[in-house]
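There are 2 protein chains.
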Amino acid sequence: MAADDGGRRTRRRGDELLQAIYSAVLSELADTGYGGLTMEGVAARAGTGKAPLYRRWNSKDELILDTVQHGLPTSPAPTYSGNVRDDLLHLLRRFAAALTTPFGGAMRALLSETHRRPDLLAALHDIVFQPRGRELRAMLRDASDHGEIRPEVIDSHLVDIGPEMVMFRFLTEGPPVPDQTIVSILDDVVMPLLRRCGKAEPEGSGGRFDDRQQGSAARDPCQDGDGCGFLRGE
Amino acid sequence: MAADDGGRRTRRRGDELLQAIYSAVLSELADTGYGGLTMEGVAARAGTGKAPLYRRWNSKDELILDTVQHGLPTSPAPTYSGNVRDDLLHLLRRFAAALTTPFGGAMRALLSETHRRPDLLAALHDIVFQPRGRELRAMLRDASDHGEIRPEVIDSHLVDIGPEMVMFRFLTEGPPVPDQTIVSILDDVVMPLLRRCGKAEPEGSGGRFDDRQQGSAARDPCQDGDGCGFLRGE
DNA sequence: GCCTCAAGAGGCGCAACCGTCTCTTACCCT
DNA sequence: AGGGTAAGAGACGGTTGCGCCTCTTGAGGC
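Top line first, the protein sequences correspond to chains A and B.
Using this note's numbering, you'd call the opening residue of the first sequence number -10 and step up by one each time.
Using this note's numbering, you'd call the opening residue of the second sequence number -10 and step up by one each time.
Quick look at the structure:
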């Protein structure tokens, strides 16, 4: 009955079983969505029974949260090679490729539930967004040291636009994100913003801002140094 | 039992009832998600029974698709006032405000299902993305005629970045999108890209593109004139 | 004011899933 | 080798929603 074996004779335990369950949760999320995920479906896909699930987790929500915290695939940190465009292109392509795996479907399903599950949103930020944002910024710092990009953008949200737009295209058009879309995002949006183009001064005519709380954020977000996670300030 | 009346004595018919059902569907989508939406929940929230639902639609999927096609709230088309930044700021704020209503929650729920429901994705594009993209472009054409922005960006995806980023922030942080985020998106990303900053030429060193299919798309997307819907080419 | 139609309410059988449980049996430790 | 532990499988009662149904009653046309 197991989905991924033809007639396994061995009986898995411990970490091997755990990884199979995590993998099954991601696939179930991708296939059936958050609301459609069932414990029986996870058990069947993992080739196990419900008892091992309920022995480890008390509920579906706990299982999913734990999967986010410990069962998501990891990706290697980007490194600076001397050409920041090549590095970013590689990073965006890797990201787009990852979204074609169950990881992408799971992300889609999880994002639709974040307003009902703040703990899940926090976990996504802790596990996915902020670590990858930190790695990306470390790489861009090297690029900045070589004069390839403006240093002041590194601590701004501008850095995150590339992955954000790839993710957005994934969400609204589904995988795979075409390679030419990735290249366009990089060359038409990301590189111009990172390289030379400063921020636009609001038109000289009239009041510069009609906002209440513009402060420094509207002009130079995150200049305070922290508060610049991958997708949101922390 | 009805959610929105205290003890209605009247009995609604025709369009009044239809609108109540559409509204209930949107609220249910926002509250319970796509998988969590039930016909009984819709009926209860609309203050009606299941029979009027099944009299009009054969299934849950049909009801939801029809709601997308006929029950979504409309927004006034943006007009050019002489200052494109003010107009875009107003547009983005209006969009962000709309996302705090059940419309936003419904969009979140629907987007998580688009890979399973291509018809739904197509409906979203036909009803939401493309019409609004057309209106936005019409407004920007006026701005271009006044020399406020570069004319060549109007038929590119750059135009859509503003709404896209607001939507992305909504999806990953939940409503409401802070006003300073909107202002930052506008002044740090959208206006610089629309105004003066050309696209980046890939570094002179080495091969310009290591892509297979760069063609014209990587350098000047959508210069062919069509294929530039709000969120995707058509 | 009568008559028709459909709204509002909810019962019904069916199916799926939950969370618990029992039972057998493979794995691991000593 | 033997014994404890947990994996794999699935039965169970309970709950929930589906889709269909009936029934009563208010609304609107004539």
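All C-beta atoms, glycine included, are put in the ideal place defined by N, C-alpha and C.
The model shown is predicted, which means the values in this text are computed figures rather than measured ones.
- Along the length of the segment -6 to 25 of chain A, whole beta strand (DSSP E) runs at least 3 residues long do not occur.
- In the three-state DSSP reduction, residue 59 of chain A falls in the helix class (H, G or I).
- Selection A:80, A:24 and A:95 evaluated against residue 175 of chain A yields A:80 as nearest (Cα-Cα).
- At a cut-off of 8 Å between C-beta atoms, residue 178 of chain B counts as an interface residue with respect to chain A.
- Counting along the chain, the unbroken alpha helix (DSSP H) around residue 151 of chain B starts and ends at 150 to 162.
- Only exposed fits residue 140 of chain A, as fewer than 16 other CB atoms lie within 10 angstroms of its CB.
- Listed in chain order, the non-local C-beta contacts of residue 164 of chain A below 7 Å within the same chain comprise 88, 89 and 93, local neighbours out to five positions each way being set aside.
- The C-beta of residue 70 of chain A comes no closer than 8 Å to any C-beta of chain B.
- Looking only at B:138, B:166, B:120 and B:144, the smallest Cα-Cα distance to residue 82 of chain B is reached by B:166.
- Residue 86 of chain A places its beta carbon 8 Å or farther from that of residue 18 of chain A.
- Taking residue 31 of chain B as the centre and dropping the five residues before and after it, the same chain places the C-beta of 10, 13, 14, 17, 42 and 52 closer than 8 Å to its C-beta, in chain order.
- By the neighbour-count criterion, in which a residue is buried when 16 or more other Cβ atoms sit within 10 angstroms of its Cβ, residue 121 of chain B is buried.
- Assigned with DSSP and collapsed to three states, residue 117 of chain A falls in helix.
- Taking CB atoms only, residue 151 of chain A has no neighbour in chain B less than 8 Å away.
- By the beta-carbon neighbour count (other beta carbons within 10 angstroms, threshold 16), residue 5 of chain A is exposed.
- Straight through space, the alpha carbons of residue 171 of chain A and residue 133 of chain B are spaced by roughly 27 Å.
- Counting C-beta pairs with one atom in each stretch, the segment 47 to 63 of chain B and the segment 137 to 156 of chain B have fewer than three that are closer than 8 Å, which means they do not touch.
- Scanning chain B for C-beta atoms nearer than 8 Å to the C-beta of residue 128 of chain A yields nothing, as the closest lies near 16 Å away.
- Chain B has a Cβ within less than 8 Å of the Cβ of residue 181 of chain A.
- With the criterion set as a beta carbon lying under 8 Å from some beta carbon of chain A, the members of the segment 138 to 163 of chain B are 145, 146, 147, 150, 153, 154, 156, 157, 158, 160, 161, 162 and 163, in sequence order.
- For residue 79 of chain B, the enclosing alpha helix (DSSP H) stretches over residues 73 to 88.
- Taking the beta carbon of residue 23 of chain B as reference, the chain A residues within 7 Å of it are 22 and 24, listed in sequence order.
- In this structure residue 116 of chain B is in contact with residue 57 of chain B, their Cβ atoms being roughly 6 Å apart against a cut-off of 8 Å.
- Taking C-beta atoms as the reference points, residue 155 of chain A and residue 183 of chain A fail to come closer than 8 Å.
- The Cβ of residue 52 of chain B sits no closer than 8 Å to any Cβ of chain A.
- Straight through space, the alpha carbons of residue 22 of chain B and residue 109 of chain A are spaced by roughly 15 Å.
- Between residue 151 of chain A and residue 162 of chain B, the alpha-carbon positions lie close to 17 Å from each other.
- Counted as a single uninterrupted DSSP element, the stretch harbouring residue 69 of chain A is not any alpha helix (DSSP H), since DSSP gives it neither H nor E.
- Its chain contains 67, 69, 70 and 128 as the residues whose beta carbon lies nearer than 7 Å to that of residue 76 of chain B, once the 5 sequence neighbours on both sides are disregarded; these appear in chain order.
- Closest option to residue 101 of chain B, judged by alpha-carbon separation, among B:25, B:1, B:29 and B:180: B:25.
- Taking 8 Å as the CB threshold, residue 135 of chain B stays off the interface with chain A.
- Counting the other CB atoms within 10 Å of its CB gives residue 40 of chain A a total below 16, which places it among the exposed residues.
- Taking a C-beta distance under 8 Å as the contact criterion, residue 78 of chain A and residue 99 of chain A do not qualify as a contact pair.
- Setting aside the 5 residues that flank it on each side, residue 29 of chain B is surrounded in the same chain by 39, each with a C-beta closer than 8 Å to its C-beta; the list follows chain order.
- Under the three-state reduction of DSSP output, residue 134 of chain A falls in the helix class.
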